[in-house]
Structure formats: C-alpha cells, structure tokens
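Engineer: Numbering (my numbering), first residue to last: 11 to 302.
#1: Check for me: the alpha helix (DSSP H) holding residue 137 runs from which residue to which?
#2: Use the C-beta contact count for residue 110: other C-beta atoms within 10 angstroms, 16 or more gives buried, fewer gives exposed.
#3: Starting from residue 205, follow the alpha helix (DSSP H) in both directions and report where the run begins and ends.
#4: Just curious, the beta strand (DSSP E) that residue 221 is in, first and last residue?
#5: Alpha carbons only, please: which of 225, 143, 175 is nearest the one belonging to residue 309?
#6: For residue 152, is the classification buried or exposed, using 16 other Cβ atoms within 10 angstroms of its Cβ as the cut-off for buried?
#7: Looking at the secondary structure, which residues open and close the beta strand (DSSP E) in which residue 112 lies?
#8: Please return the same chain residues whose Cβ sits closer than 7 Å to the Cβ of residue 217, not counting the five positions on each side in sequence.
#9: From residue 140 to residue 94, what distance separates their C-alpha atoms?
#10: Taking 6 Å as the limit between beta carbons, can you name the residues of its chain near residue 144, skipping five residues before and five after?
#11: Can you tell me the Cα-Cα spacing of residue 198 and residue 256, whole angstroms?
#12: The alpha helix (DSSP H) that contains residue 236, what's its start and end?
#13: Between residue 46 and residue 63, is the Cβ-Cβ spacing less than 7 Å?
#14: I need the boundaries of the alpha helix (DSSP H) containing residue 256, first residue and last residue.
#15: By alpha-carbon positions, which one of 160, 186, 129, 193 ends up nearest to residue 81?
#16: Looking only at DSSP bridge pairs, what is residue 150 linked to?
#17: If I follow the unbroken beta strand (DSSP E) through residue 90, where does it start and stop?
#18: Would you check if the distance between the CB atom of residue 123 and the CB atom of residue 99 is smaller than 7 Å?
#19: Return the residue from the list 213, 135, 159 that minimises the CA-CA distance to residue 150.
#20: Under a three-way DSSP split, which group does residue 17 fall into?
#21: Just to confirm the assignment, what range does the beta strand (DSSP E) spanning residue 60 have?
#22: Determine the extent of the beta strand (DSSP E) in which residue 103 is found, giving its start and end residues.
#23: When DSSP builds the beta bridges, which residues end up paired with residue 122?
#24: With three or more beta-carbon pairs closer than 8 Å as the criterion, would you say the stretch 228–238 touches the stretch 204–212?
#25: Does the distance from the CB of residue 185 to the CB of residue 89 come in under 7 Å?
#26: Could you check which residue in 66, 200, 249 has the C-alpha nearest to that of residue 219?
#27: Please report the straight-line C-alpha distance between residue 60 and residue 43, rounded to a whole angstrom.
In structure tokens form, the structure reads like this:
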C-alpha cells in the first residue's frame, strides 16, 4: 500500500500497489483501487466502485454514490472506471440502479470540475467533459467526444464518437458522430472539423464525412431514404458509423440549425383550418425576414 494520511479506509477495500491517498479520504468496503492511483484530499469512494490503474482523483470527488432516483434500490449496481482517467474536483459518479449492471467510464478520460455522471451512464475512452456538465441517467457517450462547459444532457440520449457539444447546450435527442452542436441554439452546425483534424483524419476521410453529412442534414429526404443511402453507399470508412447510430436511435437526432434548402413546410391558412399551404423552407425564411 502507498502513503496514507488521516483517512478512513475499510479493511475490506482492495488497495493496489503504489496508491497514494491524501488526507481526509473515505474508502468504504467492497471497493477496488488499482495500482498507482492517486487520491487527493477529501475524496470519497463508496462501496461498489472499481477503479483501474493510474487514475488521478482530485479533491472532493465522490465516486459510487447511490442513484438519485425516487426509488433508491436496496442493492444498486457498480461503478466501473478504467485506467488513466483524470477526475477533477467535486465530480460525482453514481452506481447503477440495477444490481447486475454498472455505470461505466472507460480509459484516459478527463472529467473537469463539478461534472455529474448519473446512474447507468456508459462513457467510452478519450472523452473530455468540461466544468459543470450534467449527464442524466442511461446516457451513452462514445469515444473521443467533447462536451463543453455547463452542458445538460437528457436521460437516455447518446453522444456519438468525435462529436463536439458547445457550452450550455441542452441535449434532448441523440447527437450523431463527428458533428458539432452550437451551444447557443443546441442545434447541429456542421462537422467537428477541428476535432477530426486533431485526431488525424485524412482529407479523404473528411470528404466522405461531408458527403454523408449532406445526406443526413441537407438532402431533404425521408428518414427511411436517408438510412438506406447511409447503409448502402457509406458502408466503409469513417462514415460507416452513421448508419448503425441513426438506425438504432430511439429519441431521434438533434436537428440542424439551418434546415435543408429543398425542404417544405405545411402552413395553415388563416381563413380556415381545412386548407394547408405547402411552401419551401427558404421561402418561409424570406417571408419572415420581410416581415421584420
């Protein structure tokens, strides 16, 4: 065991080699802390938490708390955290509602100050979640996604791989892979070009993603037609992530801030509710601009 000062540690906790535990920490029974983890002052590790090696936990973080639910289970599940994560001050991660399940966080993630990860969330690896972001229950965040500060994500939503969500966005539907969500409007505004280039995507890869993005957000096609094109024409390469993600969506996907130019809307005429007027979206936008 590593260095321990003024902390309360259950003799039933399993502490790995080279672990550093700062003052005033609390580590309950049925806890596993992997080799070379470093816990700063005031960290609380509740029962049912499993930490892999080389995690760094900062002051005041609470891992393995009971689910925030109107029916707290008598036997909650686990919190399973991989290796090499940085969990900053006052982060909270809660156990699964179900005794046979787990809230999971992968490897090499950065969770910044005051991030909340609710029960049954599933986070991949190499994810950045910035300050004060809140993930409700059952959320999935795929590898290398980036969530900016003060983002709120509704329960059961999914954030796709390499997606970037802007600060203070309100997410209540799925965010597809590779896209950028504008924080002000909470709408899709294009691909995450900065993140793609930093991750080493080639010009050819990005061109393919652009083509697939236009099918999803610019074609004006019906949902079934979009899925079929993604399935048949983008079965390989990075864009192959789009079809399984969209096809498995239960909440629908976040819409684009700018609608497809060829799309139409059905408008109710003021004289009667029995007659509808179909006009192109672009024409509606011109009407709105003319009306001030």
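Ideal placement from N, C-alpha and C gives every residue a C-beta, glycine not left out.
Structural biologist: Working from what's here:
#1: Walking along the chain shown from the start, residue 137 turns up at place 127. Segment: none, residue 137 is in no alpha helix (DSSP H) and carries neither H nor E.
#2: Along the chain shown, read from residue 1 onward, the residue named residue 110 stands at position 100. Classification for residue 110: exposed.
#3: Against the chain shown, residue 205 aligns to sequence position 195. Taken as a continuous stretch (DSSP letters only), the alpha helix (DSSP H) holding residue 205 covers 203–208.
#4: Against the chain shown, residue 221 aligns to sequence position 211. From DSSP, residue 221 is part of no beta strand (DSSP E) but of the alpha helix (DSSP H) over 213–227.
#5: No answer is possible for residue 309: the residues shown for the chain start at 11 and end at 302.
#6: For this step, residue 152 is matched to residue 142 along the chain shown. Taking every protein chain shown into account, the CB of residue 152 has 16 or more other CB atoms within 10 angstroms, so this residue is buried.
#7: On the chain shown, position 102 is the one that residue 112 refers to. Residue 112 -> beta strand (DSSP E) spans 112–115.
#8: The residue given as residue 217 occupies position 207 in the chain shown. The beta carbon of residue 217 lies closer than 7 Å to none in the same chain, with the five residues before and after it left out.
#9: Position 130 of the chain shown, counted from the start, is the residue given in the question as residue 140. Position 84 of the chain shown, counted from the start, is the residue given in the question as residue 94. Between the alpha carbons of residue 140 and residue 94 lies a distance of about 17 Å.
#10: Residue 144 sits at position 134 when you count from the first residue of the chain shown. 126, 162, listed in sequence order.
#11: To locate residue 198, count along the chain shown from 1; it is residue 188. To locate residue 256, count along the chain shown from 1; it is residue 246. It is roughly 15 Å from the alpha-carbon of residue 198 to the alpha-carbon of residue 256.
#12: On the chain shown, residue 236 is found 226 positions in, with the first residue counted as 1. It spans 233–243 - the alpha helix (DSSP H) in which residue 236 sits, taken as one unbroken run.
#13: Position 36 of the chain shown holds residue 46. Position 53 of the chain shown holds residue 63. Result yes, Cβ atoms of residue 46 and residue 63 sit closer than 7 Å.
#14: In the chain shown, the residue the question calls residue 256 occupies position 246. Its alpha helix (DSSP H) spans residues 252–257.
#15: Working through the chain shown from its first residue, we reach residue 81 at position 71. Distance from the Cα of residue 81 is smallest, within the candidate group 160, 186, 129, 193, for 129.
#16: Counting from 1 along the chain shown, the entry for residue 150 is found at position 140. 132, 168, per the DSSP bridge assignment.
#17: Stepping through the chain shown from its first residue, residue 90 is reached at position 80. Its beta strand (DSSP E) spans residues 88–91.
#18: On the chain shown, residue 123 is found 113 positions in, with the first residue counted as 1. On the chain shown, residue 99 is found 89 positions in, with the first residue counted as 1. Remark: C-beta atoms of residue 123 and residue 99 approach each other more closely than 7 Å.
#19: Here residue 150 corresponds to residue number 140 of the chain shown, with the count starting at 1. That would be 135, whose Cα lies nearest to the Cα of residue 150.
#20: Here residue 17 refers to the residue found at position 7 when the chain shown is read from its first residue. Residue 17: coil per DSSP, three-state reduction.
#21: On the chain shown, residue 60 is found 50 positions in, with the first residue counted as 1. 59–61 is the span of the beta strand (DSSP E), which, as asked, contains residue 60.
#22: As a first step, residue 103 is located in the chain shown; it is residue number 93 there, counting from the start. In the DSSP assignment, residue 103 falls within the beta strand (DSSP E) that extends over 102–104.
#23: Residue 122 sits at position 112 when you count from the first residue of the chain shown. Beta-bridge pairing links residue 122 to no other residue.
#24: By the Cβ rule, the stretch 228–238 does not count as touching the stretch 204–212, because fewer than three pairs are nearer than 8 Å.
#25: Numbered from 1 along the chain shown, position 175 holds the residue referred to as residue 185. Numbered from 1 along the chain shown, position 79 holds the residue referred to as residue 89. No; because the gap between Cβ atoms is not below 7 Å, this pair is not in contact.
#26: Residue numbering aside, residue 219 sits at position 209 when the chain shown is read from its first letter. For residue 219, the closest C-alpha among the options 66, 200, 249 is that of 249.
#27: Locating residue 60 in the chain shown gives position 50, where the first residue counts as 1. Locating residue 43 in the chain shown gives position 33, where the first residue counts as 1. Taking the straight line from one Cα to the other gives about 6 Å.
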